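Asks: Shown below is the structure under consideration.
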Amino acid sequence: MKIKQRICALGAELKNIHPVDAIDNDGLCASIQQAFLEHKVRFLRTYPV
């Protein structure tokens, strides 16, 4: 997973990740949660469901 800070004080885009992969991966889920805590907003590009 790659995290790219978006706006100076708010937001981060998560790249190279499919959100469904976090269901069975506790480490990935924790990383996504940590990104939210650090950046307050997460952006995920459109993914096919």
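In my numbering, the protein residues as written are 1 to 49. No residue lacks a Cβ here, since even glycine has one placed at the ideal position from N, Cα and C. Predicted model only: the values in this text are computed from it and were never measured.
Below 8 Å on the Cβ atoms is my guess for K2 versus N16; work out the distance and round it to an integer in Å.
Replies: In the sequence shown, the residue the question calls residue 2 occupies position 2. In the sequence shown, the residue the question calls residue 16 occupies position 16. Rounded, the Cβ-Cβ distance is 5 Å, consistent with contact.
Asks: Which residues does DSSP list as the beta-bridge partners of L37?
Replies: Taking the first residue of the sequence shown as position 1, residue 37 is located at position 37. Partner(s): none; L37 has no beta bridge.
Asks: Whole angstroms is fine: what's the gap from D21's alpha carbon to Q34's?
Replies: Working through the sequence shown from its first residue, we reach residue 21 at position 21. Working through the sequence shown from its first residue, we reach residue 34 at position 34. So the alpha carbons of these two residues sit roughly 16 Å apart.
Asks: According to DSSP, is I3 part of a helix, a strand, or is it coil?
Replies: Residue mapping note: residue 3 aligns to position 3 of the sequence shown, counting from 1. Of the three classes helix, strand and coil, the one that applies to I3 here is strand, per DSSP.
Asks: Evaluate A12 with the Cβ neighbour count: other Cβ atoms within 10 Å of its Cβ, from every protein chain shown; 16 or more gives buried, anything less gives exposed.
Replies: If you number the sequence shown from 1, residue 12 lands on position 12. It is buried - the Cβ of A12 has at least 16 other Cβ atoms within 10 Å.
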